[in-house]
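Beneath this line is the structure, given in structure tokens, with notes to follow.
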Amino acid sequence: MTNINTRIFDRELKKGSAELLILSLIEARPRHGYEICKLIESRSGGALSFHVASLYPLLYRLEKRGWIKGQWVEKAGQRRRRYYKLTAEGKKVLAAQRSAWESFVAAINRITGTEHA
Amino acid sequence: MPEWKQEISERLRGLRLEPAREAEITEELSQHLEDHHAESLASGATPEEASRATLAELSDSELLARELRRVERQVAPEPIVLGTNRRKNMIADLWQDLRYGVRMLMKKPGFTLIAVMTLSLGIGASTTVFSVVDGVLLRALPYRDADGIVAFSEVDRRNGQSSLVSPGNFLDLQRRGQVFAETACARPWRFEIIGQGEPEELNAWLVTDGFFRILGVNALRGRLFTPEEYRAGNNQVVVLSHRLWQRRFGARPEVIGEKLIFGNASFTVVGVLPPEVEFPENRDLWSPYIIPNNAAQVRVRGFLQTVGRLKPNASVAQAQAEMEAIAKQLAVEYPGANTNTDLKAVLLRERLVGQVRPALLVLFGAVGFVLLIACANVANLLLVRGAARQKELAVRMALGATRRRLVRQLLTENLILAALGTVIGALLANWGVRVILGLKEGLPRAGEVGMNWRIPVFAILVSGLTALLFGLIPSLQLSSPDLQNTIKEGSQTTTPAGLLRRLRSVITVAQIALALTLLVGAGLLARSFASLLRIDPGFRSDNVATLQAHIFRNYPKPEQQAAFFEQALEKISALPGIQAASAASAPPLIKDSIDVEFKFGIEGRPQPAPGEEPTAFHTVVTAGYFETLKIPLRQGRLFNQTDNAGAAPVTIINESMARSYWPNENPTGKRIAVQWNQPALREIVGVVADIRHTGLDSAPRPELFLPHLQQPFGSMAFVVRTADDPGTLLPSIKNAIWSVNKNQVIRHIVTLDQLISQTLEDRQFNLLLLGIFAAIALTLALVGIYGLISSSTGQRTQEIGIRMALGAQRGDILKMIMREGAALILLGVGLGLVGAFALTRFLRTLLFGIEPTDPITFLGISLLLVLVALLACYIPARRAMRVDPMAALRYE
């Protein structure tokens, strides 16, 4: 039981936070899918990773919501790639999600912190 | 290196994405996989390891497709095949049905036009009548707790005639009534405005304390009367009606506090009433009524409008029971006045609209019939059209459409028709209500007829039901076509011949039956009206003008009153174009005259028991009155100028009075004791013919006439016969009267012809409306039978051709077809007669001179309907008769 619950918790957490992760990764500048994938993996020290099968549908979903925008970019000597950038609405969502996340983390810390104190 | 693109597109195949989008996704994902693969190789993996690791990115074969399906739009949603059994997309189906329906209707503009017109006629007519019924009969009165307000009346037990309440009886019912929280009365009054242009008179109600409380009315502006103002000396105050406030005072708010001069007294305006206060009837203003001390003795002349508010738990039935008990007590206490008097308490609403209820309900019922016939007609049209669409429906069914789905499609088309019919019907109703209110001026509560939520709800309900009614039967019938036969190329397009014809026959029979019922109703009203017009009123109303003058205030003494009328008549007679001029206290048809029934005594006969005394209506007339109205003299002589104060007291009676009290004797020369304000024993010098006093439909009544020189009276109407149209002479007649006294108010200036047509207005209105409804019904029913016969002969062209080829004569064919029509017509007429017998009794109160089952009307209308319906059959039958056998056989 505990095991299953933990797994569900894990999955939900990941799903919820994945959006936040992607949005914040392209905040500074547009990136393509492979780059995003790599960044998540490297920055989390390998703790988080996305498969193609889950990353791209998520990107398309965010694009459909109008939070990010994908664009084919051709650079000299390279094949064209699709870069995703944050839209104005995406920026708003990111800010909101970020603060929600921070307060969530803070809350968790308060609870777990006092328990351990 | 594996072919990444192929791996991906295999996984995407099931999604059926748009090709461009699929290519885009494939490109993006394969790049990712290539990068991944290259990186694996760069980090030292073997090609096999790198490929395996990269493929793992795609995870199991389903995940990608599953995830993408949630995000990506699929290729144009699969086309909705009409009649498929997909339930998941009701809205899309409905939209599809609507568009398809509109397209189908546009394809047949003739059908659509006729169907929509028929429906809007039915819906428009029924909504019109409903609006009126709603405003007049259904809506609550605009008074607080209106169902607790009762109105009282006196009823003469001998003839059932009801009248208003006399002051004495009012005081007693006020004192003795236990079930009322409060009772109050209003008496009509007049205020004269003199010295500002033509002298004018305002109609007023004098009301006792509590009257407004019972109605639950508050002032719109200012206030109503205070208790102090109901005391003598403080009562010089008035409240204006909303109409007078608007008309004469320009709706100025500052009018409150202003003083109005009436006659020689001044009254202060304290308030304005809201517009909806129309009880007892809309008058110009209101003032406090202080019941005089001697009122308790006045019991014979009811002139008070009286109302009471029931105590919280009391019912009208209790109030009525109490009234009966009080009437019994009063009959014992005042045998002379009250022996035959019943007191009656009814809901105020009943008092206001009880009179028009039967007519309105009859019209409402009639319009319901029209609606039914309209539905039947449209159902008929749909059936015919459905037969033509049989093949289309069969194809759709073959393609997998369920019956359910087809019925829905057909119902949707019907709903479109109904919706169009409702919109146009609503516009018609809007116009129709105005026409009705214009036609029926005296309709009580007419001001309350108008838009409210109930009317659109009614219209939508009617049209929804209509759509179901006219649409469902054909739909059900159509949606089980015989697939095999219909779909065969070249087969006749009219498969369900038997069932279809039977259904259409049933509908046609029903239409004829309904139309006959309405026609009989209209016929009864028409015959009533005709027999009314044949009634001789007993006087000649052409070229007669009447002008009424109340002169009590200007001429309080009897001699002055006699002198005023004599002088005025002299002036009027001197005008050019005047043939005769006279005056009477109560000439026929003038409602606001003082027309009273009194007791009289007959010389030489024993004193009758109290309440059994002979009575007659008493009218004071000038010499020349009978000549002016051309009322024939039957016996003796008419009045002349010598029947004056110095001469022997005389009287003239009418034939009814002579018949009632001297059945087998000559009444002239007999003497009767007449108790007008100067009681005298008067000799009967003449007998004149009866007249219909209050209208052509009123019965003659015993009447006696007094010469005004012997019995002057301060309220008489001038009756002037002119050579030409009296309208042009009215100004000079008025001036002639004002030349005697320029301050004399003249009221009710009208011609007798106008008054007669006013008395006919209600019947005319009922007849007109019912006639229109019956005409619509007849037309629709004829169209129905014509359509049925002509389409049935059309379908049988081939059969007719064969018959003729085998030797049938044209006459045989005609007979065959006419027989089919005649069977339907006779069945319809038979059923209609049964319906009419059952329903025309509701017309009883609207009829005059005939019974609700008048055989002439029933027979005549039936014959008429049979004849015109046969004619409607004859036209297509004749066409069939001319069929060329060869052509018919080649027709295939």
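Chains as they are written, first to last, in the working numbering: chain Y, 329 to 445; chain Z, 394 to 1285. Idealized CB from N, CA, C, for every residue including glycine.
Note down the Cα distance separating residue i from residue j, rounded to an integer number of angstroms.
| i | j | result |
| --- | --- | --- |
| Gln1104 of chain Z | Ile1149 of chain Z | 29 Å |
| Leu892 of chain Z | Gly793 of chain Z | 24 Å |
| Arg1114 of chain Z | Val1014 of chain Z | 15 Å |
| Leu1171 of chain Z | Ile905 of chain Z | 8 Å |
| Phe573 of chain Z | Leu741 of chain Z | 14 Å |
| Ile903 of chain Z | Arg1156 of chain Z | The sequence shown places Ala at residue 903 of chain Z, not Ile. Their Cα atoms are separated by approximately 29 Å. |
| Ala359 of chain Z | Pro502 of chain Z | In the structure as shown, chain Z starts at 394 and stops at 1285, and residue 359 of chain Z therefore has no counterpart that could be examined. |
| Phe563 of chain Z | Val600 of chain Z | 13 Å |
| Ile1065 of chain Z | Ser546 of chain Z | 31 Å |
| Trp1055 of chain Z | Val1080 of chain Z | 11 Å |
| Arg406 of chain Z | Leu448 of chain Z | 17 Å |
| Ala1073 of chain Z | Ala973 of chain Z | 30 Å |
| Ala839 of chain Z | Leu514 of chain Z | 23 Å |
| Gln1137 of chain Z | Asn627 of chain Z | 28 Å |
| Met1209 of chain Z | Ala819 of chain Z | 44 Å |
| Arg624 of chain Z | Leu617 of chain Z | 15 Å |
| Gly553 of chain Z | Gly1029 of chain Z | 34 Å |
| Ser555 of chain Z | Val1067 of chain Z | 24 Å |
Using 10 angstroms around the beta-carbon of residue i, count the other beta-carbons present and answer buried if the total reaches 16, otherwise exposed.
| i | result |
| --- | --- |
| Lys403 of chain Y | exposed |
| Asp1293 of chain Z | Because chain Z is modelled from 394 through 1285, residue 1293 of chain Z falls outside the range shown and cannot be assessed. |
| Pro560 of chain Z | buried |
| Asn947 of chain Z | buried |
| Glu417 of chain Y | exposed |
| Ile439 of chain Y | exposed |
| Asn807 of chain Z | buried |
| Gly835 of chain Z | exposed |
| Ile649 of chain Z | buried |
| Leu436 of chain Z | The amino acid occupying residue 436 of chain Z in the given sequence is Ser; Leu does not appear at that position. Exposed, by the Cβ-count rule. |
| Gln1000 of chain Z | exposed |
| Gln722 of chain Z | exposed |
| Pro1042 of chain Z | buried |
| Thr1144 of chain Z | buried |
| Ala428 of chain Y | exposed |
Which same chain residues end up closer than 6 Å to residue i when comparing Cβ atoms and leaving out the 5 residues on each side of it in sequence?
| i | result |
| --- | --- |
| Leu566 of chain Z | Ile719 |
| Leu1219 of chain Z | none |
| Arg1237 of chain Z | Pro1245 |
| Thr901 of chain Z | Gly1177, Ile1178, Leu1181 and Leu1217 |
| Phe642 of chain Z | Val648 |
| Leu1022 of chain Z | Phe932 |
Ordered along the chain, which non-local residues of its own chain (more than five positions away) have a Cβ less than 8 Å from that of residue i?
| i | result |
| --- | --- |
| Ser898 of chain Z | Leu1181 and Leu1217 |
| Asp985 of chain Z | Gln941, Arg1140 and His1141 |
| Leu876 of chain Z | Reliability of the predicted coordinates at Leu876 of chain Z is poor, the pLDDT of 49 falling under 50, and no value is obtained from them. |
Pick helix, strand or coil for residue i, following the three-state DSSP scheme.
| i | result |
| --- | --- |
| Thr888 of chain Z | At Thr888 of chain Z, the pLDDT of 45 sits below 50, so the modelled position is not reliable and the matter cannot be decided from this model. |
| Pro1124 of chain Z | helix |
| Lys652 of chain Z | strand |
| Phe618 of chain Z | coil |
| Trp429 of chain Y | helix |
| Gln1188 of chain Z | helix |
| Arg847 of chain Z | helix |
| Leu940 of chain Z | strand |
| Ile350 of chain Y | helix |
| Lys984 of chain Z | coil |
| Phe1010 of chain Z | strand |
| Thr520 of chain Z | helix |
| Pro587 of chain Z | With the sequence shown as reference, residue 587 of chain Z is identified as Ile, and Pro is not the correct amino acid for it. Coil. |
| Thr1144 of chain Z | strand |
Grab me the residues of residue i's own chain with a C-beta within less than 7 Å of its C-beta, minus the 5 sequence neighbours each way, in chain order.
| i | result |
| --- | --- |
| Ala346 of chain Y | Leu386 |
| Ala1129 of chain Z | Ala961, Lys964, Ile965 and Leu968 |
Alpha helix (DSSP H) runs contained entirely in the segment 1070–1116 of chain Z, provided each spans 4 or more residues | none
Which ranges does the alpha helix (DSSP H) cover as unbroken runs of at least 4 residues, wholly within the segment 664–740 of chain Z, from first to last along the chain?
-> 709–726 and 728–731, all fully within the segment 664–740 of chain Z.
Within the segment 377–412 of chain Y, note down every full beta strand (DSSP E) run reaching 3 residues or more, in order along the chain.
-> 396–401
Inside the segment 797–861 of chain Z only - alpha helix (DSSP H) runs reaching at least 4 residues = none
Can you list the beta strand (DSSP E) stretches of 3 or more residues lying completely in the segment 908–961 of chain Z, in chain order?
-> 937–943
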